[in-house]
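The next block holds one structure in the form of structure tokens; read it before the comments.
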Amino acid sequence: MKTIFREYKVGDIIFRQGDPGYCAYIIESGLVQISVKKDGEEFPIVVLGEGEIFGEMAIIDRLPRSATATVLEPCRLSLVSQDSLVERIQNSDPVVRLLVSMFIRRARNMTANVGRANKPSPSPDITTKLGKTDKEALSQVRFESEVKLAFAQGEFLMNYQPIVELDNSQIVGYEALIRWKSPTMGMVRPDQFINIVEDSAMMIPVGRWIIEQAMGDLVHLSQAQGRPLFVSINISPRQLADPGFVDHLEMSCKAVGLEPERVKLEITEQIFLEGAAAIGITEKCRALGFKVALDDFGTGYSSISYLKELILDAIKIDQTFTRSILSDPRVRCITQATISLANALNLECVAEGIESSDVGKALMVMGVRYGQGYHFGKPEPLSYYLANKAAA
Ligand code: C2E
Ligand code: CA
Ligand code: CA
């Protein structure tokens, strides 16, 4: 933050009520009195000392000074320029920005009421005064609490999509995919709400619930198929930062009598950006027998460079590649190179988003062993598979 210093003597007026505001002040030493003039009478509101900031309101909301600042004891002040403060606030989280502007509005309201004996003015309807970005921030906060409430009320459920061996279409496992069954919005897909969960502390309990559901349901899915299958669980970086993650994973596995080899953790490139700790956790999981797959392979910036990290058992070729291997020779070329590389490195290859038997066959010829997509089965709840087994 750009700062310059200025010295003031006792009695100096730093700024007057009604002046335009150009900067805010931080008190390095000395005392400053803030007062408000009402009907010709001066009302002191507060005396500020070392380390406190004042004069920030007028430069944030660009309205005239709402009070007068007078020096009570010789002062050394550092000046904070309008640009540096406004820039910081504008770059902050939209919810923080909204809070700052609401606090300022309330503070202005309070100074405007000084001198009116015990007669608070009616609170202005802030929603009518909010700008577009403020409304967006509010609706984000509202949506976040709806998502939290939905989880608490048991509105989340897991769906399972089959993963098959391409040469015989036999199911070898399932990917666990979350859904939100909202009483007002119907079935909500994860791309509508999972980012909100992943960006908040809620991800820890939700992530644990996903793991417990997926492991418990895998036992039933395996029974329904008559053989041991695996489950792939999407793990977000925030979950790996939970110090209890590995213990919880192990305990949940033991609780339902599952071997760790039958649980595959799907991570994305993002975790490599989280640093050594996240990578260390996945290595710990592998040492315990869990499998690790790199999801959405090829969509990030440097997918290939991560293959040398040796912490993976499998890669999932993203559906953006699968979708156009028959129509786009360049995509076909890149996909072929990826598959050859994965095979040479002994990494299992799973192709996502297979919607036709032609695409499945082409991928198999290209060297992919496993596939997933609407052609083989859509994500469905456990009850669907149990009912189908009963009907069979
Ligand atoms: P993802 O991990 O890449 O999951 C695959 C997505 O592709 C799923 O979308 C699946 O329904 C969809 N899909 C599968 N086959 C086909 C196909 O043949 N054609 C098309 N067009 N789509 C297909 P979904 O379930 O909407 O999930 C979207 C994303 O949300 C997931 O992408 C994953 O990143 C995230 N997600 C889902 N469940 C969870 C979860 O339990 N935890 C976390 N952290 N993220 C999750
Ligand atoms: Ca996935
Ligand atoms: Ca994927």
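In this note's numbering, the protein residues as written are 230 to 621.
The C-beta atom is built at its ideal place from N, Cα and C for all residues, glycine as well.
None of the values given here were measured: they were computed from a predicted structure.
Out of curiosity, what's the CA-to-CA distance linking residue i and residue j?
{"i": "Glu302", "j": "Ile288", "result": "25 Å"}
{"i": "Leu576", "j": "Gly527", "result": "15 Å"}
{"i": "Arg337", "j": "Gly415", "result": "43 Å"}
{"i": "Gly600", "j": "Asp396", "result": "10 Å"}
{"i": "Leu536", "j": "Leu574", "result": "8 Å"}
{"i": "Arg418", "j": "Phe283", "result": "47 Å"}
{"i": "Gln548", "j": "Leu314", "result": "44 Å"}
{"i": "Asp542", "j": "Gly529", "result": "18 Å"}
{"i": "Met230", "j": "Gln311", "result": "Reliability of the predicted coordinates at Met230 is poor, the pLDDT of 49 falling under 50, and no value is obtained from them."}
{"i": "Val329", "j": "Ile392", "result": "49 Å"}
{"i": "Gln684", "j": "Asp524", "result": "Here the chain comprises residues numbered 230 to 621, so residue 684 is not present and cannot be evaluated."}
{"i": "Arg437", "j": "His477", "result": "7 Å"}
{"i": "Asn347", "j": "Ser465", "result": "Residue confidence for Asn347 is low, a pLDDT of 48 falling below 50, so the modelled location carries little weight; the figure read from the coordinates is stated next. Their Cα atoms are separated by approximately 52 Å."}
{"i": "Ile242", "j": "Thr297", "result": "7 Å"}
{"i": "Thr356", "j": "Arg291", "result": "Because Thr356 sits at a pLDDT of 38, beneath the cut-off of 50, its placement in the model cannot be relied upon, and the following sentence gives the value as read from the coordinates. If you take the alpha carbons of Thr356 and Arg291, they lie about 20 Å apart."}
{"i": "Cys482", "j": "Ser307", "result": "59 Å"}
{"i": "Gly473", "j": "Asp248", "result": "56 Å"}
{"i": "Thr497", "j": "Asp428", "result": "15 Å"}
{"i": "Glu281", "j": "Val261", "result": "10 Å"}
{"i": "Thr413", "j": "Asn424", "result": "20 Å"}
{"i": "Arg317", "j": "Arg326", "result": "10 Å"}
{"i": "Pro349", "j": "Ser321", "result": "Summary for Pro349: the model assigns pLDDT 45, below 50, so the residue's position carries little reliability, and this model does not support an answer."}
{"i": "Pro457", "j": "Tyr403", "result": "11 Å"}
{"i": "Pro351", "j": "Met387", "result": "Here the model assigns Pro351 a pLDDT of 45, short of 50, so the residue's position is not dependable and the matter cannot be decided."}
{"i": "Gln565", "j": "Ser398", "result": "21 Å"}
{"i": "Gly250", "j": "Phe244", "result": "8 Å"}
{"i": "Ala405", "j": "Asn342", "result": "57 Å"}
{"i": "Lys410", "j": "Arg559", "result": "40 Å"}
{"i": "Glu373", "j": "Met431", "result": "10 Å"}
{"i": "Asp354", "j": "Gln369", "result": "Note that Asp354 scores 40 on pLDDT, short of 50, meaning its location in the model is unreliable; the coordinates nonetheless yield the value given after this. Going by the C-alpha atoms only, they are around 19 Å apart."}
{"i": "Gly445", "j": "Arg371", "result": "32 Å"}
Ligand 3 heavy atoms versus the CB of residue i: any closer than 8 Å?
{"i": "Lys590", "result": "no"}
{"i": "Asp525", "result": "yes"}
{"i": "Glu503", "result": "no"}
{"i": "Glu498", "result": "no"}
{"i": "Gln468", "result": "no"}
{"i": "Gln548", "result": "yes"}
{"i": "Glu384", "result": "no"}
Since residue i and residue j should fall inside the 8 Å C-beta cutoff, what is the C-beta to C-beta distance between them, to a whole number of angstroms?
{"i": "Ala506", "j": "Ile544", "result": "With a Cβ gap of about 22 Å, Ala506 and Ile544 do not count as contacting."}
{"i": "Leu487", "j": "Leu450", "result": "In fact, because the Cβ distance is near 11 Å, the residues do not count as touching under 8 Å."}
{"i": "Ser264", "j": "Glu271", "result": "5 Å"}
{"i": "Arg305", "j": "Phe234", "result": "6 Å"}
{"i": "Gly596", "j": "Glu581", "result": "Not confirmed; about 16 Å, so no contact."}
{"i": "Val309", "j": "Ile255", "result": "6 Å"}
{"i": "Val324", "j": "Ala366", "result": "5 Å"}
{"i": "Gln468", "j": "Ile508", "result": "Gln468 to Ile508, Cβ: 14 Å. No contact."}
Below 8 Å, is the gap between the Cβ of residue i and the nearest heavy atom of ligand 1?
{"i": "Glu609", "result": "no"}
{"i": "Glu581", "result": "yes"}
{"i": "Ile439", "result": "yes"}
{"i": "Tyr599", "result": "no"}
{"i": "Ala507", "result": "no"}
{"i": "Asn388", "result": "yes"}
Can you tell me which of the options puts its alpha carbon nearest to the alpha carbon of residue i?
{"i": "Leu277", "options": "Gly269, Glu609 and Gly259", "result": "Gly259"}
{"i": "Ser569", "options": "Arg598, Ser368, Glu495 and Leu555", "result": "Arg598"}
{"i": "Val460", "options": "Glu365, Ile233 and Pro608", "result": "Pro608"}
{"i": "Arg491", "options": "Val401, Thr551 and Lys513", "result": "Val401"}
{"i": "Val594", "options": "Ser321, Arg561, Met432 and Ser556", "result": "Arg561"}
{"i": "Met286", "options": "Tyr613, Met339, Val588 and Leu611", "result": "Met339"}
{"i": "Gln390", "options": "Ile508, Ile583 and Lys590", "result": "Ile583"}
{"i": "Arg408", "options": "Ile540, Pro323 and Leu611", "result": "Leu611"}
{"i": "Ser534", "options": "Arg515, Thr551, Leu502 and Glu512", "result": "Leu502"}
{"i": "Gly504", "options": "Lys590, Val370, Glu257 and Ala470", "result": "Ala470"}
{"i": "Ala616", "options": "Gln454, Ile462 and Leu494", "result": "Gln454"}
{"i": "Arg294", "options": "Met431, Gln246 and Arg559", "result": "Gln246"}
{"i": "Glu279", "options": "His604, Val300, Asp587 and Lys266", "result": "Val300"}
{"i": "Glu394", "options": "Tyr613, His604, Ala341 and Tyr614", "result": "His604"}
{"i": "Leu494", "options": "Leu592, Phe550 and Ile540", "result": "Ile540"}
{"i": "Lys590", "options": "Ile563, Arg559, Leu406 and Leu555", "result": "Leu555"}
{"i": "Ile440", "options": "Ser411, Gln421 and Ala484", "result": "Ala484"}
{"i": "Gly422", "options": "Lys377, Gln442 and Met444", "result": "Here residue 422 is Phe; the residue named in the question, Gly, does not match the sequence. Looking at the Cα atoms, Lys377 is the closest of the given residues."}
{"i": "Ile546", "options": "Pro558, Ile563 and Asp557", "result": "Ile563"}
If you measure from the CB of residue i, is any heavy atom of ligand 2 nearer than 8 Å?
{"i": "Lys545", "result": "yes"}
{"i": "Ser534", "result": "no"}
{"i": "Glu623", "result": "A question about residue 623 goes unanswered here, because the residues of the chain that appear run from 230 up to 621."}
{"i": "Asn397", "result": "no"}
{"i": "Ala465", "result": "Here residue 465 is Ser; the residue named in the question, Ala, does not match the sequence. The answer is no for Ser465."}
{"i": "Ser461", "result": "yes"}
{"i": "Glu404", "result": "yes"}
Would you check whether ligand 5 has a heavy atom nearer than 8 Å to the C-beta of residue i?
{"i": "Leu447", "result": "Absence of ligand 5 is noted for the structure shown, with ligand 1, ligand 2 and ligand 3 being the only ligands found."}
Point to revise | Contact the segment 577-597 vs the segment 377-387: 3+ CB pairs below 8 Å | key: no
Practice item. Would you check if the segment 473-490 and the segment 512-521 touch, i.e. whether three or more CB-CB distances between them fall below 8 Å? Key: yes
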